[in-house]
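Asks: Residue numbers (the working numbering), protein chains in the order written: chain A, 1 to 377; chain B, 1 to 186; chain C, 1 to 260. Mind looking over this structure? Questions follow.
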Amino acid sequence: MRSGAVIALLTASALAAARPAPFTDASSLGHLDSDEQRVWSQSNDMVLALQRGGVVYADPGVTAYVQGVMNRLFPQFEGRIHVEVLRSPQLNAFALPDGHVYINEGLLARFQNEAQLATVLAHEGTHFTHRHGYQNQQSVKDNSAFATFGAMLGIPILPQLVAASSVFGFSRELETEADKGGFARLSSAGYDVHESPKVFEHLIAEIKVEDIKEPYFFASHPKLAERVDNMRKLAAGFPPGGAGTSHAAYAQVMGKTRVDNLEQMLSMGRAKSALLMLADSEHMSELPHAQYYLGEAYRLRAQPGDAQLAESAYLKAIADAADFAPSYRAVGVLYIKTQQYPAASKYLTRYLELSPDASDRKYVESYLAIARKKETQ
Amino acid sequence: MRHASTIILMLLLSGCAQQQPVRVDTPRTEGPDKNYSVDLPLGWMKQQLTDKTMLASRDGPLLEAIYIGRRTAKEAFPRIKKGAADNMLASELAELEIAEVKSQDTFTAALTVLENEPALVSSRDAFRIKVSYKNTRGLEIDRVIYGFMDASSYYSIQYIAPKLYYFDRYYPDFEKSVASFQVVKK
Amino acid sequence: MRGPMTMATFRLAAVLGLTALVAGGCATTKGSVNQSFGSTPEQAPPRRVLLVEPDIRLHEVSAGGVVEKIDEWSRQASQNAVNSLQDAVGKQTLFELVAAPNLTEADKAALDQHAALYALVGGSAHGAQASPYAAWRQRAATFDYTLGPGLQGVAEHTHMDAVLFLVGTDYISSAGRRAAMVFGILAAALTGVVIAPAGSPTFMSVGLVDMRTGALIWYATDIRGGSSDLRDAGVMKELIDGMVQTYPYGAKPADAGKTK
Chain A
1 MRSGAVIALL TASALAAARP APFTDASSLG HLDSDEQRVW SQSNDMVLAL QRGGVVYADP
61 GVTAYVQGVM NRLFPQFEGR IHVEVLRSPQ LNAFALPDGH VYINEGLLAR FQNEAQLATV
121 LAHEGTHFTH RHGYQNQQSV KDNSAFATFG AMLGIPILPQ LVAASSVFGF SRELETEADK
181 GGFARLSSAG YDVHESPKVF EHLIAEIKVE DIKEPYFFAS HPKLAERVDN MRKLAAGFPP
241 GGAGTSHAAY AQVMGKTRVD NLEQMLSMGR AKSALLMLAD SEHMSELPHA QYYLGEAYRL
301 RAQPGDAQLA ESAYLKAIAD AADFAPSYRA VGVLYIKTQQ YPAASKYLTR YLELSPDASD
361 RKYVESYLAI ARKKETQ
Chain B
1 MRHASTIILM LLLSGCAQQQ PVRVDTPRTE GPDKNYSVDL PLGWMKQQLT DKTMLASRDG
61 PLLEAIYIGR RTAKEAFPRI KKGAADNMLA SELAELEIAE VKSQDTFTAA LTVLENEPAL
121 VSSRDAFRIK VSYKNTRGLE IDRVIYGFMD ASSYYSIQYI APKLYYFDRY YPDFEKSVAS
181 FQVVKK
Chain C
1 MRGPMTMATF RLAAVLGLTA LVAGGCATTK GSVNQSFGST PEQAPPRRVL LVEPDIRLHE
61 VSAGGVVEKI DEWSRQASQN AVNSLQDAVG KQTLFELVAA PNLTEADKAA LDQHAALYAL
121 VGGSAHGAQA SPYAAWRQRA ATFDYTLGPG LQGVAEHTHM DAVLFLVGTD YISSAGRRAA
181 MVFGILAAAL TGVVIAPAGS PTFMSVGLVD MRTGALIWYA TDIRGGSSDL RDAGVMKELI
241 DGMVQTYPYG AKPADAGKTK
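Pasting the structure below:
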């Protein structure tokens, strides 16, 4: 009983700690207490590491576009919520306590329109305006202290559970607040709010296809399916329509990013994610040399039947663009693997004719040598 | 001292590895289970880190390191959960190794492939790749990897060093090791 | 088989042990010198040394073990280190220490890159020295670590011979953590359950690199467990003075300091 009373007291005092008021505009950012200033300056180390480490996506046009969407959502902050794109194919975004927001090119590439992008930026921006990073840091410290004191008192269970839920990302409460606050920003800025559930649908599809066990993105609490429902409920009160729904306009800005992202996904062996993206007929129609990338994705997935699918896609790519060299190399190498040496010779020779300075020339020449040797046997 | 890479260094130099590091006093070294032999630079330290990986370094693995790895074909690329096969072309193995390195962390994911070409190691068709990426302080790290299949094993021989001074300084030693590498037929 | 007397002895030992842990640990000062440096006339001891901005990071450790870097403490410790070092090298006229000279963008970039490399070189030297394996300690004893010749241009442009790096770390327990430590001691005495608090290690190092050759010619460290606090100017002075005692070259000649 005595220990139960202590638990109740400790828990109540921590969870009921006063929450700081949200930032309202750029001028409110100048009034931080020393604890929050520390949290801001800790963000700086990560910002510097990301800049120096060469992981920021260096496309000024895309960066300016994304920043523009953020500024439209949070006009009162006069650009102080600073967005950068990271070179990663993972569907992820995060906000640092000091107002730096990062979004991966993988997520940018997966969106269909600006309203979906705005959904994520509004959510991350709300984490910043509502000082969730700072609150989370304080919560982790407080709850870790609980775990320590609780263990000393011989009370093992509650403090450790509370500590654990804070360590693995923002709490359910803070994520829900960011969803609601972000939604309000989205509608105030005039975006079509009915696009917001689709963001979580993209994440659900990615998790399924890559068989990811642990949720990620800002998805630790609550569960993704629940968030889709929450977004739909929030949107239900709004009439249809709104800005940012044009797929074509978004594709025009994100064309190169989608290609870069697809190539990065393929180079990291993420064939299933690549196929998911290519299954979108709009992406396929907008993507230059889409059939080539489809062939590469099938080849890398390497499930039964994929070799034939890859071959078919490569040959379509050649039919679509007779001077696109990589398609010839791809199908030529496939024919080496399947011991169709005359065909391999034909396509690999054509590849080198189209791309005499190819960086993989030596590989191709070695395969041609194999093919020619086998042809004469 | 604070950086993650230094923590790795401390682990490697502490008691957490499988065998103690020893100085290379004779050039020829055998792998565990005597599956291969290789010349390592005299005066360097060598250490069998795990049953799969050997490390050699003169100044410490943060400055220059040769890693020799042997995995089963099925577990050739553990981060991307892909295996290798004896009938894979060298360029296919190179592709998988690049994916494996990219999957190491946020910074290697942004690597640039500088060179990628066929090679011969122990008379076997192999690949040679050279990649470059930056650490958290913006220091460029260069890495050359040779890889090849032999029956049901995937071998990799890697050299990692900061581009600034160290990579070129000991690269010839690494190439001599690669040239000396012999898979032992059993 | 435990009897009442044995349990009491155990608890007393636990209390005493924890008290010793919290009250302070031992300090280790070590200096290493590149013995082959100075073997030619061109390798003269440095006279003018460029001081790179110190990389000293102080952290607060909360009651629950959460570690936070505190910038204002780090700045304070850095200033303490610079002041103490200026004082120590000045008193013994070891060399002229120059902070923040005017550098071209190219020289700044070169210094930044070499500072990043120094982090690996210093880490390697220290890791080898502190290794439990004789092989690495023997390697460290042949103290020939280098940053390579890439700073020659900076040396020529600034008319300086060497660059000095100050690197340090400190972990300072918060009031809550200190309370937890005291609580832990009391709890141990009362219950027999011992919760050993994590140490609060202090690490300081100074590395002097000859810019003409790149050789790390002097490397000194001071490592302490226990409750050092680098915000304290007196503590920092003691560390720096101790490390400077290991500097191998003595006072610079009387005609030193003239611009080349």
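Don't be surprised by glycine CBs; every beta carbon is placed ideally from N, CA and C.
Tell me which residue opens and which closes the alpha helix (DSSP H) that Thr112 (chain B) is part of.
Replies: Here residue 112 (chain B) is taken as the residue at index 112 of the second sequence, counted from 1. Unbroken run through Thr112 (chain B) is the beta strand (DSSP E), 112-121; no alpha helix (DSSP H).
Asks: Can you give me the start and stop residues for the alpha helix (DSSP H) that Trp218 (chain C) sits inside?
Replies: Against the third sequence, residue 218 (chain C) aligns to sequence position 218. No alpha helix (DSSP H) contains Trp218 (chain C), which is instead part of the beta strand (DSSP E) from 216-224.
Asks: Quick one: Cα of Tyr118 (chain C) to Cα of Thr119 (chain A), how far?
Replies: Residue mapping note: residue 118 (chain C) aligns to position 118 of the third sequence, counting from 1. Residue mapping note: residue 119 (chain A) aligns to position 119 of the first sequence, counting from 1. Cα to Cα, the separation comes out at about 44 Å.
Asks: Asn102 (chain C): buried (16+ other C-beta within 10 angstroms of its C-beta) or exposed?
Replies: Numbered from 1 along the third sequence, position 102 holds the residue referred to as residue 102 (chain C). With fewer than 16 other Cβ atoms within 10 Å, it is exposed.
Asks: Mind checking which residues open and close the beta strand (DSSP E) that includes Val101 (chain B)?
Replies: What you label residue 101 (chain B) is simply residue 101 of the second sequence in a count that begins at 1. Counting along the chain, Val101 (chain B) falls outside any beta strand (DSSP E), though it belongs to the alpha helix (DSSP H) covering 90-102.
Asks: In chain A, which residues lie less than 8 Å from Gly150 (chain C) when you measure between Cβ atoms?
Replies: As a working note, residue 150 (chain C) is residue 150 in the third sequence. Chain A residues near Gly150 (chain C): none, gap ~18 Å exceeds 8 Å.
Asks: Quick check: the Cα distance between Leu85 (chain C) and Val24 (chain B), rounded to an integer number of angstroms?
Replies: Counting from one through the third sequence, the residue named residue 85 (chain C) turns up at place 85. Counting from one through the second sequence, the residue named residue 24 (chain B) turns up at place 24. C-alpha separation (whole angstroms): 40 Å.
Asks: Please report the straight-line C-alpha distance between Gln182 (chain B) and Val101 (chain B), rounded to a whole angstrom.
Replies: As a working note, residue 182 (chain B) is residue 182 in the second sequence. As a working note, residue 101 (chain B) is residue 101 in the second sequence. Cα-Cα distance, rounded: 24 Å.
Asks: Between Asn104 (chain A) and the rest of its own chain, which residues show a CB-CB distance below 6 Å, the 5 nearest in sequence each way excluded?
Replies: Numbered from 1 along the first sequence, position 104 holds the residue referred to as residue 104 (chain A). If we look at Asn104 (chain A) and ignore the five residues flanking it on each side, its Cβ neighbours are Leu86, Ser88, Gln90, Asn92.
Asks: What are the start and end residues of the alpha helix (DSSP H) that includes Leu164 (chain B)?
Replies: On the second sequence, residue 164 (chain B) is found 164 positions in, with the first residue counted as 1. From DSSP, Leu164 (chain B) is part of no alpha helix (DSSP H); its letter is neither H nor E.
Asks: CA-CA distance, Gly69 (chain B) and Ile145 (chain B)?
Replies: Here residue 69 (chain B) refers to the residue found at position 69 when the second sequence is read from its first residue. Here residue 145 (chain B) refers to the residue found at position 145 when the second sequence is read from its first residue. Whole-angstrom Cα-Cα distance: 11 Å.
Asks: Do Asp179 (chain A) and Asn230 (chain A) come within 8 Å of each other at the CB atom, strictly closer than that value?
Replies: One-based indexing of the first sequence puts residue 230 (chain A) at position 230. One-based indexing of the first sequence puts residue 179 (chain A) at position 179. Against a cut-off of 8 Å, the Cβ pair of Asp179 (chain A) and Asn230 (chain A) comes out as a contact.
Asks: Is any beta-carbon of chain A found at less than 8 Å from that of Ile80 (chain B)?
Replies: By one-based count along the second sequence, residue 80 (chain B) stands at place 80. It does: the Cβ of Ile80 (chain B) has a partner Cβ on chain A nearer than 8 Å.
Asks: Might you give, ordered along the chain, the residues of its own chain that have their beta carbon closer than 8 Å to the beta carbon of Val270 (chain C), omitting 5 neighbours on each side?
Replies: Here chain C has residues from 1 to 260 only, and residue 270 (chain C) is not among them.
Asks: Taking all protein chains shown into account, do 16 or more other C-beta atoms lie within 10 angstroms of the C-beta of Thr24 (chain A), making it buried, or fewer, making it exposed?
Replies: Taking the first sequence and counting its residues from 1, the one referred to as residue 24 (chain A) is at position 24. Thr24 (chain A) comes out exposed.
Asks: When the Cα atoms are used, what is the spatial distance from Lys316 (chain A) to Asp55 (chain C)?
Replies: Reading the first sequence from its first residue, position 316 is the one you call residue 316 (chain A). Reading the third sequence from its first residue, position 55 is the one you call residue 55 (chain C). Distance between the alpha carbons of Lys316 (chain A) and Asp55 (chain C) is about 58 Å.
Asks: Could I get the ranges of all uninterrupted alpha helix (DSSP H) runs contained in the stretch 197-279 of chain A, with 4 residues as the minimum, in chain order?
Replies: 224-236, 247-267, 271-278
Asks: Distance cutoff 8 Å, beta carbons only. Does Leu143 (chain B) sit that close to anything in chain C?
Replies: Residue numbering aside, residue 143 (chain B) sits at position 143 when the second sequence is read from its first letter. It should be noted that the sequence gives Arg, not Leu, for residue 143 (chain B). No, no contact with chain C.
Asks: Reducing DSSP to helix, strand and coil, say where Ile81 (chain A) ends up.
Replies: Translated into positions along the first sequence, residue 81 (chain A) becomes position 81. In the structure shown, Ile81 (chain A) sits in coil (DSSP, three-state: anything other than H, G, I, E or B).
Asks: Just to confirm, are Ser123 (chain B) and Arg71 (chain B) a CB contact at a threshold of 8 Å?
Replies: Locating residue 123 (chain B) in the second sequence gives position 123, counting from the first residue. Locating residue 71 (chain B) in the second sequence gives position 71, counting from the first residue. Contact flag unset, no.
Asks: Any contact between the stretch 122-137 of chain B and the stretch 48-68 of chain B? By contact I mean 3 or more CB pairs, one from each, below 8 Å.
Replies: no
Asks: Please work out which residues of its chain come closer than 6 Å, Cβ to Cβ, to Ala26 (chain A), disregarding the five sequence neighbours upstream and downstream, and give them in chain order.
Replies: In the first sequence, residue 26 (chain A) corresponds to position 26, counting from 1. So the list reads Phe77, Glu78, Arg80, once near-sequence residues are dropped.
Asks: Any idea if Leu161 (chain A) is buried or exposed, counting beta-carbon neighbours within 10 angstroms, 16 or more meaning buried?
Replies: Within the first sequence, residue 161 (chain A) is the residue found at index 161, counting from 1. A caution first: Leu161 (chain A) carries a pLDDT of 40, below 50, which makes its placement in the model unreliable, though a value can still be read off. Under this definition Leu161 (chain A) is an exposed residue.
Asks: Does DSSP put Asn104 (chain A) in a helix, in a strand, or in coil?
Replies: Here residue 104 (chain A) refers to the residue found at position 104 of the first sequence. If DSSP states are grouped into helix, strand and coil, Asn104 (chain A) belongs with the strands.
Asks: Against chain B, does Ala49 (chain A) count as a neighbour if the rule is that its beta carbon must be under 8 Å from one of theirs?
Replies: By one-based count along the first sequence, residue 49 (chain A) stands at place 49. Answer yes: the Cβ-Cβ gap between Ala49 (chain A) and chain B drops below 8 Å somewhere.
Asks: For Val193 (chain A) versus Ala235 (chain A), is the C-beta spacing smaller than 8 Å?
Replies: Indexing the first sequence from 1 puts residue 193 (chain A) at position 193. Indexing the first sequence from 1 puts residue 235 (chain A) at position 235. Yes, they are a contact pair.
Asks: Compare the Cα-Cα distances from Ser156 (chain B) to each of B:Pro21, B:Tyr36, B:Arg58 and report the closest residue.
Replies: Reading the second sequence from its first residue, position 156 is the one you call residue 156 (chain B). Of B:Pro21, B:Tyr36, B:Arg58, the residue nearest in Cα terms is B:Tyr36.
Asks: With distances taken Cα to Cα, identify the nearest neighbour of Asp320 (chain A) among A:Gly332, A:Tyr298, A:Tyr293, A:Arg301.
Replies: One-based indexing of the first sequence puts residue 320 (chain A) at position 320. Checked all of A:Gly332, A:Tyr298, A:Tyr293, A:Arg301; the closest Cα to Asp320 (chain A) is A:Tyr293.
Asks: Starting from the C-beta of Ile370 (chain A), find all residues in its chain whose C-beta is less than 7 Å away, skip the five residues before and the five after it, and write them out in chain order.
Replies: Taking the first residue of the first sequence as position 1, residue 370 (chain A) is located at position 370. Sequence-distant Cβ neighbours of Ile370 (chain A) in its own chain, meaning closer than 7 Å and more than five residues away, are Ile336.
Asks: What number of angstroms, rounded off, separates the C-alpha of Arg361 (chain A) from the C-alpha of Glu117 (chain B)?
Replies: Taking the first sequence and counting its residues from 1, one reaches residue 361 (chain A) at position 361. Taking the second sequence and counting its residues from 1, one reaches residue 117 (chain B) at position 117. Near 8 Å, if we compare the C-alpha coordinates of Glu117 (chain B) and Arg361 (chain A).
Asks: What span of residues does the alpha helix (DSSP H) with Tyr133 (chain C) cover, start to end?
Replies: Walking along the third sequence from the start, residue 133 (chain C) turns up at place 133. Judged by DSSP secondary structure, Tyr133 (chain C) falls outside any alpha helix (DSSP H); it is assigned neither H nor E.
Asks: For Pro41 (chain B), which residues in chain C fall below 8 Å Cβ to Cβ?
Replies: For the purposes of this step, residue 41 (chain B) is taken as residue 41 along the second sequence, with counting starting at 1. In chain order: nothing, as chain C lies at least about 13 Å away.
Asks: For Lys74 (chain B), report the span of its beta strand (DSSP E) as first-last.
Replies: Translated into positions along the second sequence, residue 74 (chain B) becomes position 74. From DSSP, Lys74 (chain B) is part of no beta strand (DSSP E); its letter is neither H nor E.
Asks: Between Ser62 (chain C) and the ligand FAD, is the CB less than 7 Å from at least one heavy atom?
Replies: For the structure depicted, the ligand FAD is absent and the ligand set is empty, with no information on it obtainable.
Asks: Let's test the definition: count the other Cβ atoms within 10 Å of the Cβ of His283 (chain A) and tell me whether it reaches 16, buried, or not, exposed.
Replies: For the purposes of this step, residue 283 (chain A) is taken as residue 283 along the first sequence, with counting starting at 1. Looking at its Cβ environment, which holds 16 or more other Cβ atoms inside 10 Å, His283 (chain A) is buried.
Asks: Could you list which residues in chain A have their beta carbon closer than 9 Å to that of Glu30 (chain B), in chain order?
Replies: As a working note, residue 30 (chain B) is residue 30 in the second sequence. Result: empty, since nearest Cβ-Cβ is about 31 Å, beyond 9 Å.
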